[in-house]
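Comments concern the structure below.
Numbering (the working numbering), first residue to last: 764 to 1096.
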(Lines of atoms letter the chains of each structure in order from A and count residues from 1; the text may use other names and numbers.)
(Lines give C-alpha, C1' and ligand atoms only; values in the text may rest on other atoms or scores of the structure.)
Protein backbone atom coordinates (compact mmCIF):
# COMPACT_ATOMS: atom_id res chain seq x y z
CA UNK A 1 0.00 0.00 0.00
CA UNK A 2 1.24 3.50 -0.88
CA UNK A 3 0.28 6.52 1.19
CA UNK A 4 1.03 10.01 -0.07
CA UNK A 5 0.30 13.47 1.32
CA UNK A 6 -0.73 16.08 -1.21
CA UNK A 7 -1.90 19.52 -0.03
CA UNK A 8 -2.40 18.03 3.45
CA UNK A 9 -4.80 15.43 2.03
CA UNK A 10 -4.12 11.72 2.33
CA UNK A 11 -4.42 9.76 -0.89
CA UNK A 12 -4.70 5.99 -0.92
CA UNK A 13 -3.34 3.71 -3.61
CA UNK A 14 -4.66 0.39 -2.49
CA UNK A 15 -7.98 -1.04 -3.58
CA UNK A 16 -7.87 -3.53 -0.70
CA UNK A 17 -8.05 -0.85 1.99
CA UNK A 18 -10.97 -1.61 4.28
CA UNK A 19 -13.36 1.11 5.38
CA UNK A 20 -13.90 1.62 9.10
CA UNK A 21 -17.61 1.52 9.88
CA UNK A 22 -18.18 5.11 10.95
CA UNK A 23 -21.57 6.16 12.25
CA UNK A 24 -22.04 8.15 9.05
CA UNK A 25 -21.49 5.05 6.93
CA UNK A 26 -23.84 3.08 9.20
CA UNK A 27 -26.63 5.64 8.79
CA UNK A 28 -26.13 5.95 5.05
CA UNK A 29 -26.28 2.19 4.59
CA UNK A 30 -29.42 1.88 6.73
CA UNK A 31 -31.33 4.95 5.56
CA UNK A 32 -29.87 5.32 2.03
CA UNK A 33 -28.81 8.90 2.76
CA UNK A 34 -26.80 10.94 5.22
CA UNK A 35 -28.27 11.44 8.68
CA UNK A 36 -27.13 14.34 10.87
CA UNK A 37 -27.12 14.47 14.67
CA UNK A 38 -28.32 17.78 16.10
CA UNK A 39 -26.86 18.40 19.59
CA UNK A 40 -29.26 19.71 22.22
CA UNK A 41 -28.54 21.16 25.69
CA UNK A 42 -31.59 21.53 27.90
CA UNK A 43 -31.31 23.85 30.90
CA UNK A 44 -32.34 22.45 34.26
CA UNK A 45 -30.66 19.07 33.65
CA UNK A 46 -27.78 18.14 35.94
CA UNK A 47 -26.12 14.97 37.23
CA UNK A 48 -26.36 12.91 40.44
CA UNK A 49 -22.61 13.18 40.68
CA UNK A 50 -22.88 16.97 40.83
CA UNK A 51 -25.96 17.48 43.01
CA UNK A 52 -24.65 15.23 45.78
CA UNK A 53 -26.94 12.24 45.23
CA UNK A 54 -24.07 9.81 44.58
CA UNK A 55 -21.06 12.11 45.00
CA UNK A 56 -20.08 15.77 45.14
CA UNK A 57 -18.12 17.84 42.68
CA UNK A 58 -18.75 15.73 39.60
CA UNK A 59 -16.21 13.63 37.76
CA UNK A 60 -12.71 15.05 38.17
CA UNK A 61 -12.48 16.05 34.49
CA UNK A 62 -15.98 17.53 34.14
CA UNK A 63 -16.67 21.19 33.51
CA UNK A 64 -19.96 20.64 31.74
CA UNK A 65 -20.24 24.04 30.07
CA UNK A 66 -17.45 23.00 27.71
CA UNK A 67 -19.69 20.21 26.45
CA UNK A 68 -22.77 22.40 26.02
CA UNK A 69 -22.36 24.26 22.72
CA UNK A 70 -26.06 25.06 22.43
CA UNK A 71 -26.64 26.25 25.99
CA UNK A 72 -26.16 29.99 25.89
CA UNK A 73 -28.69 31.07 28.48
CA UNK A 74 -27.86 31.82 32.10
CA UNK A 75 -28.01 28.73 34.26
CA UNK A 76 -31.38 28.40 36.03
CA UNK A 77 -31.52 27.82 39.76
CA UNK A 78 -34.04 25.03 39.18
CA UNK A 79 -32.42 21.62 38.72
CA UNK A 80 -34.16 18.42 37.71
CA UNK A 81 -33.90 15.04 39.38
CA UNK A 82 -36.21 12.00 39.30
CA UNK A 83 -37.72 12.89 42.67
CA UNK A 84 -39.10 16.28 41.60
CA UNK A 85 -42.90 16.20 41.85
CA UNK A 86 -43.54 18.92 39.29
CA UNK A 87 -41.44 20.56 36.62
CA UNK A 88 -42.56 24.21 36.34
CA UNK A 89 -39.98 24.83 33.60
CA UNK A 90 -41.16 22.12 31.21
CA UNK A 91 -42.85 24.53 28.79
CA UNK A 92 -39.66 26.61 28.65
CA UNK A 93 -37.57 23.47 28.11
CA UNK A 94 -39.82 22.33 25.26
CA UNK A 95 -39.48 25.76 23.66
CA UNK A 96 -35.72 25.66 24.14
CA UNK A 97 -35.60 22.23 22.52
CA UNK A 98 -37.51 23.44 19.47
CA UNK A 99 -35.46 26.62 19.08
CA UNK A 100 -32.14 24.78 19.32
CA UNK A 101 -33.22 22.08 16.91
CA UNK A 102 -34.54 24.53 14.32
CA UNK A 103 -31.38 26.65 14.47
CA UNK A 104 -29.04 23.67 14.07
CA UNK A 105 -31.24 22.07 11.41
CA UNK A 106 -31.17 25.29 9.39
CA UNK A 107 -27.37 25.44 9.53
CA UNK A 108 -27.03 21.82 8.45
CA UNK A 109 -29.51 22.27 5.63
CA UNK A 110 -27.73 25.37 4.36
CA UNK A 111 -24.23 23.92 4.63
CA UNK A 112 -24.75 20.26 3.70
CA UNK A 113 -28.23 20.00 2.24
CA UNK A 114 -29.17 17.79 5.22
CA UNK A 115 -32.56 16.10 5.03
CA UNK A 116 -32.70 13.58 7.90
CA UNK A 117 -31.86 14.20 11.55
CA UNK A 118 -31.36 12.52 14.91
CA UNK A 119 -31.93 14.74 17.94
CA UNK A 120 -28.94 14.28 20.23
CA UNK A 121 -29.57 15.10 23.90
CA UNK A 122 -25.90 15.73 24.53
CA UNK A 123 -25.10 17.76 27.62
CA UNK A 124 -25.60 16.72 31.22
CA UNK A 125 -27.39 13.47 32.21
CA UNK A 126 -30.44 13.29 29.99
CA UNK A 127 -32.38 10.59 31.83
CA UNK A 128 -31.93 12.22 35.26
CA UNK A 129 -35.41 13.72 35.47
CA UNK A 130 -39.01 12.71 36.17
CA UNK A 131 -40.30 10.22 33.64
CA UNK A 132 -43.09 12.54 32.49
CA UNK A 133 -40.55 15.26 31.69
CA UNK A 134 -38.50 12.80 29.66
CA UNK A 135 -41.56 11.58 27.81
CA UNK A 136 -42.56 15.14 26.92
CA UNK A 137 -39.09 16.08 25.67
CA UNK A 138 -38.44 12.88 23.72
CA UNK A 139 -41.90 12.92 22.14
CA UNK A 140 -41.53 16.58 21.17
CA UNK A 141 -38.14 15.91 19.58
CA UNK A 142 -39.55 13.05 17.52
CA UNK A 143 -42.39 15.27 16.27
CA UNK A 144 -40.05 17.59 14.35
CA UNK A 145 -39.99 17.32 10.56
CA UNK A 146 -37.49 14.81 9.17
CA UNK A 147 -36.38 13.55 12.59
CA UNK A 148 -35.86 9.80 12.41
CA UNK A 149 -34.72 9.18 15.96
CA UNK A 150 -33.03 10.16 19.21
CA UNK A 151 -29.63 9.75 20.80
CA UNK A 152 -29.64 10.22 24.57
CA UNK A 153 -26.47 10.85 26.54
CA UNK A 154 -26.62 9.59 30.12
CA UNK A 155 -25.05 7.55 32.92
CA UNK A 156 -25.83 3.94 33.72
CA UNK A 157 -26.80 4.84 37.28
CA UNK A 158 -29.48 7.14 35.87
CA UNK A 159 -31.33 4.55 33.83
CA UNK A 160 -34.47 2.76 35.05
CA UNK A 161 -36.66 -0.04 33.79
CA UNK A 162 -39.50 2.47 33.29
CA UNK A 163 -37.35 4.65 31.03
CA UNK A 164 -36.25 1.57 29.09
CA UNK A 165 -39.91 0.58 28.70
CA UNK A 166 -40.66 3.93 27.08
CA UNK A 167 -37.57 3.91 24.85
CA UNK A 168 -38.32 0.37 23.75
CA UNK A 169 -41.79 1.50 22.69
CA UNK A 170 -40.34 4.44 20.74
CA UNK A 171 -37.83 2.15 19.04
CA UNK A 172 -40.59 0.24 17.26
CA UNK A 173 -40.62 2.87 14.52
CA UNK A 174 -37.73 5.22 15.40
CA UNK A 175 -33.95 4.96 15.61
CA UNK A 176 -33.22 5.13 19.35
CA UNK A 177 -29.70 5.29 20.78
CA UNK A 178 -28.55 5.44 24.38
CA UNK A 179 -25.05 6.83 24.89
CA UNK A 180 -23.45 5.70 28.14
CA UNK A 181 -20.31 7.19 29.63
CA UNK A 182 -18.25 4.09 30.43
CA UNK A 183 -14.84 5.75 30.64
CA UNK A 184 -13.13 2.75 32.27
CA UNK A 185 -13.94 -0.69 33.66
CA UNK A 186 -11.36 -0.37 36.43
CA UNK A 187 -13.06 0.47 39.71
CA UNK A 188 -9.87 2.02 41.12
CA UNK A 189 -9.88 4.44 38.20
CA UNK A 190 -13.58 5.19 38.57
CA UNK A 191 -13.04 5.96 42.24
CA UNK A 192 -10.00 8.10 41.45
CA UNK A 193 -11.98 10.27 39.00
CA UNK A 194 -14.91 10.54 41.42
CA UNK A 195 -17.25 8.77 39.01
CA UNK A 196 -19.82 7.75 41.61
CA UNK A 197 -20.56 4.54 39.70
CA UNK A 198 -18.86 1.17 39.39
CA UNK A 199 -18.05 -1.29 36.65
CA UNK A 200 -20.63 -3.91 37.65
CA UNK A 201 -23.46 -1.39 37.46
CA UNK A 202 -22.22 -0.10 34.10
CA UNK A 203 -22.24 -3.63 32.70
CA UNK A 204 -25.65 -4.36 34.21
CA UNK A 205 -27.43 -1.46 32.53
CA UNK A 206 -25.68 -1.77 29.19
CA UNK A 207 -26.78 -5.42 29.13
CA UNK A 208 -30.36 -4.51 30.08
CA UNK A 209 -30.47 -1.78 27.43
CA UNK A 210 -29.24 -4.16 24.74
CA UNK A 211 -31.82 -6.74 25.81
CA UNK A 212 -34.54 -4.20 24.94
CA UNK A 213 -33.26 -4.01 21.37
CA UNK A 214 -31.97 -0.46 21.84
CA UNK A 215 -28.78 0.84 20.23
CA UNK A 216 -25.95 1.54 22.68
CA UNK A 217 -22.94 3.79 22.17
CA UNK A 218 -20.18 3.51 24.78
CA UNK A 219 -17.90 6.45 25.55
CA UNK A 220 -14.30 5.54 26.48
CA UNK A 221 -11.67 7.92 27.83
CA UNK A 222 -8.02 7.12 27.14
CA UNK A 223 -5.39 8.67 29.39
CA UNK A 224 -7.22 8.41 32.72
CA UNK A 225 -4.97 8.74 35.81
CA UNK A 226 -2.48 5.89 36.25
CA UNK A 227 -3.94 3.80 33.43
CA UNK A 228 -1.54 1.97 31.13
CA UNK A 229 -2.22 1.20 27.49
CA UNK A 230 -2.93 -2.40 28.51
CA UNK A 231 -5.66 -1.17 30.87
CA UNK A 232 -7.20 1.09 28.23
CA UNK A 233 -7.29 -1.74 25.71
CA UNK A 234 -8.79 -4.07 28.30
CA UNK A 235 -11.62 -1.59 28.91
CA UNK A 236 -12.13 -1.49 25.13
CA UNK A 237 -12.20 -5.30 25.03
CA UNK A 238 -14.81 -5.49 27.79
CA UNK A 239 -16.91 -2.85 26.02
CA UNK A 240 -16.89 -4.88 22.82
CA UNK A 241 -17.84 -8.01 24.76
CA UNK A 242 -21.00 -6.22 25.92
CA UNK A 243 -22.02 -6.06 22.24
CA UNK A 244 -22.39 -2.31 22.10
CA UNK A 245 -23.35 -0.93 18.70
CA UNK A 246 -20.92 1.98 18.59
CA UNK A 247 -17.98 3.53 20.44
CA UNK A 248 -16.68 7.05 20.99
CA UNK A 249 -13.04 7.55 21.92
CA UNK A 250 -11.95 10.60 23.93
CA UNK A 251 -8.54 11.70 25.23
CA UNK A 252 -8.50 12.98 28.79
CA UNK A 253 -7.61 16.66 28.77
CA UNK A 254 -7.52 19.18 31.59
CA UNK A 255 -9.75 22.25 31.46
CA UNK A 256 -9.99 25.03 34.02
CA UNK A 257 -12.36 24.82 36.99
CA UNK A 258 -12.30 21.04 37.41
CA UNK A 259 -11.09 18.74 40.16
CA UNK A 260 -8.47 17.48 37.72
CA UNK A 261 -7.06 21.01 37.44
CA UNK A 262 -5.80 20.81 41.03
CA UNK A 263 -4.20 17.39 40.49
CA UNK A 264 -2.50 18.59 37.33
CA UNK A 265 -1.13 21.75 38.94
CA UNK A 266 0.18 19.73 41.91
CA UNK A 267 1.98 17.35 39.54
CA UNK A 268 -0.29 14.43 40.48
CA UNK A 269 -1.58 13.88 36.96
CA UNK A 270 0.37 13.62 33.71
CA UNK A 271 -1.73 13.80 30.53
CA UNK A 272 -1.44 11.12 27.88
CA UNK A 273 0.93 11.88 25.02
CA UNK A 274 -0.44 12.31 21.53
CA UNK A 275 1.61 9.39 20.21
CA UNK A 276 0.29 7.02 22.87
CA UNK A 277 -3.28 8.20 22.36
CA UNK A 278 -3.12 7.74 18.58
CA UNK A 279 -1.52 4.30 18.95
CA UNK A 280 -4.16 3.16 21.47
CA UNK A 281 -7.06 4.33 19.30
CA UNK A 282 -5.57 2.63 16.23
CA UNK A 283 -5.02 -0.62 18.12
CA UNK A 284 -8.64 -0.45 19.29
CA UNK A 285 -10.12 0.16 15.86
CA UNK A 286 -7.99 -2.63 14.39
CA UNK A 287 -9.71 -5.02 16.82
CA UNK A 288 -13.23 -3.68 16.34
CA UNK A 289 -15.65 -6.48 15.38
CA UNK A 290 -17.81 -6.22 12.27
CA UNK A 291 -20.95 -4.22 12.86
CA UNK A 292 -19.69 -1.97 15.67
CA UNK A 293 -19.39 1.59 14.41
CA UNK A 294 -17.09 4.41 15.47
CA UNK A 295 -18.74 7.72 16.28
CA UNK A 296 -15.66 9.67 17.39
CA UNK A 297 -11.93 9.05 17.40
CA UNK A 298 -10.85 12.05 19.44
CA UNK A 299 -11.93 15.30 21.02
CA UNK A 300 -10.43 18.64 21.84
CA UNK A 301 -11.10 22.19 22.83
CA UNK A 302 -9.62 25.23 21.13
CA UNK A 303 -10.34 27.98 23.67
CA UNK A 304 -8.33 29.28 26.62
CA UNK A 305 -9.97 26.90 29.11
CA UNK A 306 -7.66 24.08 27.96
CA UNK A 307 -4.67 23.61 30.28
CA UNK A 308 -3.19 20.36 28.99
CA UNK A 309 -2.24 18.54 26.87
CA UNK A 310 -1.81 21.30 24.32
CA UNK A 311 -2.06 18.86 21.40
CA UNK A 312 -5.78 18.66 22.21
CA UNK A 313 -6.18 22.20 20.89
CA UNK A 314 -6.19 20.97 17.31
CA UNK A 315 -8.75 18.21 16.85
CA UNK A 316 -8.40 18.23 13.07
CA UNK A 317 -4.67 17.58 13.32
CA UNK A 318 -5.33 14.66 15.66
CA UNK A 319 -7.85 13.17 13.23
CA UNK A 320 -5.36 13.52 10.38
CA UNK A 321 -2.72 11.63 12.38
CA UNK A 322 -5.19 8.90 13.36
CA UNK A 323 -6.38 8.59 9.77
CA UNK A 324 -2.81 8.30 8.50
CA UNK A 325 -1.94 5.67 11.15
CA UNK A 326 -5.05 3.67 10.27
CA UNK A 327 -4.12 3.74 6.58
CA UNK A 328 -0.82 2.07 7.45
CA UNK A 329 -2.92 -0.73 8.92
CA UNK A 330 -5.06 -0.97 5.78
CA UNK A 331 -8.02 0.86 7.28
CA UNK A 332 -9.74 3.93 5.86
CA UNK A 333 -11.46 6.16 8.42
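C-beta atoms are modelled at their ideal positions from N, C-alpha and C, and glycine is treated no differently.
Scanning 881, 1043, 815 and 802 for the CA closest to the CA of residue 911 turns up 881. Look at the beta carbons and you see the segment 849-859 touching the segment 888-896: at least three pairs across the two are nearer than 8 Å.
In the displayed model, residue 938 falls within a strand according to three-state DSSP. Secondary structure note for residue 1047: it is in no beta strand (DSSP E), and the uninterrupted alpha helix (DSSP H) holding it is 1037-1049. Of the candidates 789, 813 and 801, 813 places its Cα closest to the Cα of residue 956.
In summary, residue 982 is buried, with 16 or more beta-carbon neighbours lying within 10 Å of its beta-carbon over all protein chains present. With 16 or more other Cβ atoms from the protein chains shown falling within 10 Å of its own Cβ, residue 1009 counts as buried. Residue 1052 and residue 1000 have their C-alpha atoms spaced approximately 10 Å apart.
With fewer than 16 neighbouring CB atoms inside 10 Å of its own CB, residue 1033 falls in the exposed class. Residue range 924-933 is occupied by the alpha helix (DSSP H) that includes residue 930.
Under DSSP, residue 916 shares a beta bridge with 942. In its chain, beyond the 5 residues on either side, 919 and 920 have a beta carbon closer than 8 Å to the beta carbon of residue 964. Nearest Cα to residue 997 within the set 867, 1050 and 1096: 1050. Listed in chain order, the beta strand (DSSP E) runs fully inside the segment 812-894 are 879-884, counting runs of at least 3 residues. Residue pairing of residue 980 in beta bridges, as defined by DSSP: 942 and 1009. In this structure, the alpha-carbon of residue 939 lies about 18 Å from that of residue 1005. Between the alpha carbons of residue 879 and residue 970 lies a gap of roughly 29 Å. Judged by beta-carbon spacing, residue 885 lies within the 8 Å limit of residue 804, meaning their Cβ atoms are closer than that value.
Shown here for residue 790: same chain residues with a beta carbon closer than 6 Å to its own, the five before and five after excluded, namely 798 in chain order. Taking a C-beta distance under 8 Å as the contact criterion, residue 915 and residue 942 qualify as a contact pair. For residue 1056, the enclosing beta strand (DSSP E) stretches over residues 1056-1059. According to the DSSP assignment, residue 1003 belongs to the alpha helix (DSSP H) that extends over 992-1004. Looking from the CA of residue 824, the closest CA among 1069, 1089 and 951 belongs to 1069. Counting of Cβ neighbours within 10 angstroms places residue 1029 among the exposed residues, the total staying below 16. When the beta-carbon positions are compared, residue 934 and residue 876 stay at least 8 Å from each other.
Take the alpha-carbon of residue 1086 and the one of residue 819: they are about 39 Å apart.
In this structure, DSSP gives residue 1033 a state outside helix and strand, which the three-state scheme calls coil.
In the DSSP assignment, residue 801 falls within the unbroken beta strand (DSSP E) covering 798-803. According to DSSP, residue 783 shares a beta bridge with no other residue. Residue 783 is positioned such that its CB atom lies closer than 8 Å to that of residue 1048. By the Cβ neighbour-count rule, residue 1079 is exposed, with fewer than 16 other Cβ atoms within 10 Å of its own. Cβ atoms of residue 1095 and residue 781 come within 8 Å of each other, at about 7 Å.
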